[in-house]
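A.B. asks: As you go down the protein sequences, you meet chains A and B in turn.
Each residue of the first sequence is one higher than the last, beginning at 43 in my numbering.
Each residue of the second sequence is one higher than the last, beginning at 409 in my numbering.
For each residue, glycine too, the CB sits at the ideal point set by N, CA and C.
Pasting a structure here, questions to come.
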Amino acid sequence: MTVPVSDLIDGGIEAYLAGREQDARAAFLEALRVEPGNVKARWYLERLGPGDAQAPEPAGRPAPQTGGAAPPAGPAIDQRLAPFAAPIPSLEDDPAPSPWDDGPSAAATIVLEPSGGLDLGAIAEKSDLRPLVPEGARPAPLRRTDVEVWLSAAKELFALGDFSGSLELIEKILQVDPDHGEARDYLRQNEATLISMYESKLGPLSRVPRLAIKPEEVLWLNLDHRAGFLLAQIDGTVDFESLFALSGLPRLDTARILANLIADGVITR
Amino acid sequence: MSDLDPVIGIDLGTTNSVVATVRDGVPRVIPNRSGQLLTPSIVAVAKNGKKLVGPLAKRQAITNAENTVFAAKRLIGRRWGSKEVEDARTVLPYRLVAGPEGNDVRVDLAGRVVSISEISALVLAELKADAEAWFGRPVKRAVVTVPAYFNDGQRQATRDAGKIAGLEVLRIINEPTSAALAYGFGKQMEKKVVVFDLGGGTFDVSILDIGKSVYDVVAVGGDTYLGGEDFDRRIMDWLTFGFAKENAGIDLRQDKMALQRLKDSAEKAKCELSGAPSASIHLPFLVAGADGKGALHLDKQLAREQLEELTKDLVERCIAVAEKTLKDAGVRPSQVGEVLLVGGMTRMPRVQKAVKEFFGREPCRGVHPEEVVALGAAIQAHALVEPSAKGEDVLLLDVTPQNLGLLVVGGYFQTVIPKNTTVPTNQTHLFTTVQDAQTSVRIAVLQGASERAIDNELLGEFILDGIRPARRGEVSIEVSFEISADGIVGVSARDVDTGQQQSITVTATSGLTEEELRRILDEQLDDLLERKATAGEFEEKRDRAQAIVQEMEALVPAVQEALERTRFGKDAVHKADGVLARVRAAIDARDVAALEREHEALDRTLQLFRGLAAQARLPQGK
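Spelled out as structure tokens, the structure:
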């Protein structure tokens, strides 16, 4: 059975964050094999760089790449100030410290305890090995661990500037645990940033987007039904602001879908 | 074009509305700002809080059904608790509530209770704005059409809607009359004309006696829940069931987005099939597949014959209604001189064929059925403000739309002023007592077409007492009706022998009190003033922000030079990027509040740039 692309990408991100670059590369390549047009997989592969030419990474997480390809979604850099923006990793408008900076890093590192023993917790975290669960105990730990991994990964991705990837993981957490306080806080704190990030890709909201491909080519795209709905509304008469009004979706979702349609060359503004 | 202020004719429909005018002597429809001739009579508050009117409101009518008001015309001027309102409540997805006096109907639209006149006003205002965009100058006067069966209350509510929209309603005219005017009937002809009006949501059949510029609507029939949307629904059902069959039972009706697209494409296909033998319905990525699989597509061909089969009973219903209306009026199809087709659904070849078969004659063609009513209204508006020197124009007079009269013994209705009487007018009738020693009498003023009082609308009532006691039939009571030019009805009753008198004044009411109407108009004025004030404030803030941005741009080379010498300031410059992006977005969105928020940051950024530029001017090594 084919593994869903989203799972492959999630697996790739987890491997990447845990320092298993080869595994991550394999996951992203597999995602691209299943879905050749997948922008996210392509972008992560670009981040990883060419496999053989890359210097071996130290154990632990790879260093953030600042000069790599632009992520699928990032803020617009003011053209007239481009000379200043260029050398700076401009993945967000405001480079103020991330709220996650004070928290622990995502992937546990294996350290020897002062007495010479191993940090078993860290090994378990990294190896995915789990102790036996006594009969009658709550079955929650497995799910909880997943949530923790996703949360760590979300923080990591946020720090790296991959806001949308980070948000996807948060949404995943909220699917499992809709009342997860930290995830809710994250969403609340960063929604405005994410919306403005996507909206900056759209340009002035008074612009009227148009289909950039032939109508018969739409069938060859890889869209979900929500993107299909929004795309059906783009008929050359409705501006972006009106699309937000008639989409019925949360503003963030609408902005994300529209930004992706522009990035994929499906619509033009 | 005339130098006079432009005037327009408006067909305020249940489903769609149309605005027209007469330009250089030619009646023509004014397209809306999206380029379409028809504007959906739909008002909504979108999920993001934006107020939508017309085409955009229609596009989200299913996905945001509870906050989308359509078919307001079915409710305008109706009384809370009436059969029509109760029927509407069972089918409308939005919430209706009683007005403050408990008499009229209001809508709860996104938490705000608004009158039906206000909803219709939004549609009228949209049409007014379309006309203003087309003329390039303000439009203040209009003739508006209403169904022939509308009573005074409904007509007054429509007038109020015009007033709220900023329009002086020169005249309210009947839709079938307007259609006949557009065909130029009434000048030299004398014949019976049937107007077969199958619109988006309602079906009306009217029989007119036309002669010597008199348009007498002699009979009206119809079905207020039969129209183009029923035809759309049949196509939607056909698509839904076909899709479920081919896709393991996936029910498109459970997905509002899919249903919205289905509705839009069903309507489009239906329209296409009036001119082509088949239509393609192609909806890619319509609905999520089962078990998380990719989105599914819908791809179907619908042939005209299939549509005719799917809607056969609907067409038969139309003909049955027409037959009943003619029968009730004692008119044989062979006596009908002309048949006018009105409403988009009459474009359907099967409908035209059925009409031809029933009346035994070809219906009139030549004027688009969707446009004909608005064109007639435009012709009438033009005649009112610019009467032709030759007197060729047909100028309709303000007439009473329905019979006015009294409740009489046995529960019957006695007409005092018959419908189509030109106003102002007055009439006096003599009545007598029904019992021996009767000392008081109830005067109930009614309006309507039925012989039975209970079927007509009660406008008001009063008691005349102090009548001289006498044997029944011996006392004469004189009842006078008077209708002023403003449509105010005065009714008085007087005991001829004693001179004892009582009277009542009845003003057609829309449900909105004078006070409410004044408040709404005041609010609109406040809104207008606020918009003007905001526009001024925005321009001031925008100019100021742009001046700062220009100065910053001029400082860029010096700042760049300073940054090459130091590691300080880079973060701040990056922050400046963000500030500038937000300022530009605020200017694009004309967002005064956002510009205000960014003002301080922009000022700080300018100071930083000035500081860095000053540093660049210092000699190296300092």
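Return the Cβ separation of Gln-275 of chain A and Leu-263 of chain A in integer angstroms, given the expectation that the two are a contact with Cβ distance under 8 Å.
C.D. replies: With a Cβ gap of about 16 Å, Gln-275 of chain A and Leu-263 of chain A do not count as contacting.
A.B. asks: Just to confirm my understanding: we take Ser-140 of chain A, look at its own chain, exclude 5 residues before and 5 after, and list those with CB closer than 7 Å. What are they?
C.D. replies: Because Ser-140 of chain A sits at a pLDDT of 41, beneath the cut-off of 50, its placement in the model cannot be relied upon, and the point is left open.
A.B. asks: Note down, one range per segment and in chain order, each alpha helix (DSSP H) of at least 4 residues found wholly within the stretch 803-863 of chain B.
C.D. replies: Counting whole runs of 4 or more residues, the stretch 803-863 of chain B contains no alpha helix (DSSP H) stretch at all.
A.B. asks: Using the beta-carbon of each residue, which ones in chain B are nearer than 8 Å to His-222 of chain A?
C.D. replies: None at all; the shortest Cβ gap to chain B is about 22 Å.
A.B. asks: Output needed for Glu-576 of chain B: all residues of its chain with C-beta closer than 8 Å, excluding positions within five of it in sequence on either side, in chain order.
C.D. replies: Around Glu-576 of chain B: Lys-548, Arg-549, Ala-550 and Gly-570.
A.B. asks: Any idea if Val-991 of chain B is buried or exposed, counting beta-carbon neighbours within 10 angstroms, 16 or more meaning buried?
C.D. replies: Buried: at least 16 other Cβ atoms inside 10 Å.
A.B. asks: Looking at chain A, which residues of the stretch 630-645 of chain B have a Cβ within less than 8 Å of any of its Cβ atoms?
C.D. replies: The stretch 630-645 of chain B vs chain A, Cβ under 8 Å: nothing.
A.B. asks: Looking at the C-beta of Gly-79 of chain A, does it have a partner C-beta in chain B at a distance below 8 Å?
C.D. replies: Cβ-Cβ to chain B under 8 Å: no for Gly-79 of chain A.
A.B. asks: Rounded to whole angstroms, what is the Cα-Cα separation between Phe-1017 of chain B and Leu-1010 of chain B?
C.D. replies: Near 11 Å, if we compare the C-alpha coordinates of Leu-1010 of chain B and Phe-1017 of chain B.
A.B. asks: Can you tell me whether Ile-891 of chain B is buried or exposed? The criterion is at least 16 other CB atoms within 10 Å of its CB, across all chains shown.
C.D. replies: Buried is the call here.
A.B. asks: List the endpoints of the continuous alpha helix (DSSP H) containing Pro-463 of chain B.
C.D. replies: Counting along the chain, the alpha helix (DSSP H) containing Pro-463 of chain B begins and ends at 463-467.
A.B. asks: Considering just the uninterrupted stretch of the beta strand (DSSP E) at Ala-711 of chain B, what are its terminal residues?
C.D. replies: Element bounds for Ala-711 of chain B: 704-711.
A.B. asks: Tell me, please, whether the stretch 595-610 of chain B touches the stretch 460-476 of chain B by the rule of three or more beta-carbon pairs shorter than 8 Å.
C.D. replies: No, the stretch 595-610 of chain B is not in contact with the stretch 460-476 of chain B.
A.B. asks: Label Val-432 of chain B either buried or exposed according to how many other C-beta atoms from any shown protein chain fall within 10 Å of its C-beta, with 16 as the threshold for buried.
C.D. replies: One detail in the question is off: residue 432 of chain B reads as Asp in this sequence, not Val. Asp-432 of chain B comes out exposed.
A.B. asks: Looking at the strands, I want to know which residues DSSP matches up with Pro-741 of chain B.
C.D. replies: Paired residue(s): none; Pro-741 of chain B is not in a bridge.
A.B. asks: Using 8 Å as the limit for Cβ to Cβ distance, is Gln-822 of chain B near chain A?
C.D. replies: So no, Gln-822 of chain B is outside the interface.
A.B. asks: For Pro-555 of chain B, count the other beta carbons within 10 Å of its own beta carbon; 16 or more makes it buried, fewer makes it exposed. Which is it?
C.D. replies: Buried, by the Cβ-count rule.
A.B. asks: On the DSSP letters alone, give me the boundaries of the beta strand (DSSP E) that Arg-1018 of chain B sits inside.
C.D. replies: Looking at the DSSP string, Arg-1018 of chain B is not in any beta strand (DSSP E); the run it does join, the alpha helix (DSSP H), is 1000-1025.
A.B. asks: By alpha-carbon positions, which one of A:Trp-192, A:Arg-298 and A:Leu-244 ends up nearest to Gly-54 of chain A?
C.D. replies: Taking only the C-alpha atoms, the option nearest Gly-54 of chain A is A:Trp-192.
A.B. asks: Which one or two residues does DSSP pair with Arg-579 of chain B in a beta bridge?
C.D. replies: For Arg-579 of chain B, which the question treats as bridged, DSSP gives the partners B:Val-551.
A.B. asks: Once the 5 residues before and after Val-747 of chain B are set aside, which same chain residues still bring their CB inside 7 Å of it?
C.D. replies: Once the five neighbours on either side are set aside, the close Cβ partners of Val-747 of chain B are Val-602, Phe-604, Val-763, Phe-767, Arg-769, Pro-771 and Cys-772.
A.B. asks: Just to check my reading of the structure: Val-780 of chain B and Ala-541 of chain B have Cβ atoms closer than 8 Å, yes? What is that Cβ distance to the nearest angstrom?
C.D. replies: In fact, because the Cβ distance is near 23 Å, the residues do not count as touching under 8 Å.
A.B. asks: Indicate the three-state DSSP secondary structure (helix, strand or coil) for Phe-889 of chain B in the structure shown.
C.D. replies: Strand at Phe-889 of chain B.
A.B. asks: Under a CB-based cut-off of 8 Å, is Lys-761 of chain B close to chain A?
C.D. replies: So no, Lys-761 of chain B is outside the interface.
A.B. asks: Just the Cα atoms here: how many angstroms apart are Ser-888 of chain B and His-837 of chain B?
C.D. replies: Each residue's Cα considered, the two are about 6 Å apart.
A.B. asks: In three-state DSSP terms, what is Tyr-633 of chain B?
C.D. replies: Reduced to three states, the DSSP call for Tyr-633 of chain B is coil.
A.B. asks: For Pro-246 of chain A, which residues in chain B fall below 7 Å Cβ to Cβ?
C.D. replies: Those are Asp-996, listed as they occur along chain B.
A.B. asks: So, helix, strand or coil for Leu-291 of chain A, using DSSP?
C.D. replies: Coil at Leu-291 of chain A, not helix or strand.
A.B. asks: Is Gly-159 of chain A helix, strand or coil when you go by DSSP?
C.D. replies: Because the pLDDT at Gly-159 of chain A is just 42, under 50, the model does not fix this residue reliably, and the point stays unresolved.
A.B. asks: Examine chain A for any beta-carbon lying closer than 8 Å to the beta-carbon of Lys-548 of chain B, and answer yes or no.
C.D. replies: False, the Cβ-Cβ gap to chain A never drops below 8 Å.
A.B. asks: Straight-line CA distance for Asp-612 of chain B to Thr-422 of chain B?
C.D. replies: Distance between the alpha carbons of Asp-612 of chain B and Thr-422 of chain B is about 12 Å.
A.B. asks: Near Leu-815 of chain B, what residues of its chain come up, given a Cβ to Cβ distance below 7 Å and the 5 sequence neighbours on each side ignored?
C.D. replies: Within the same chain, Leu-815 of chain B has close Cβ partners Phe-821, Ala-852, Leu-854 and Ala-861.
A.B. asks: Near Val-415 of chain B, which residues of its chain fall below 6 Å by C-beta distance, leaving aside the five closest residues on each side in sequence?
C.D. replies: Closer than 6 Å at Cβ, skipping near neighbours: Arg-549, Ala-789 and Val-793.
A.B. asks: For Leu-171 of chain A and chain B, any beta-carbon pair shorter than 8 Å?
C.D. replies: Low local confidence applies: a pLDDT of 46 at Leu-171 of chain A is under 50, so the model's placement there is unreliable, and no value is given.
A.B. asks: Expressed to the nearest angstrom, what Euclidean distance is found between the alpha-carbon atoms of Gly-868 of chain B and Thr-915 of chain B?
C.D. replies: Gly-868 of chain B and Thr-915 of chain B: Cα-Cα distance of roughly 10 Å.
A.B. asks: Would you call the CB atoms of Leu-500 of chain B and Val-513 of chain B closer than 8 Å?
C.D. replies: No, the Cβ-Cβ distance between Leu-500 of chain B and Val-513 of chain B is not below 8 Å.
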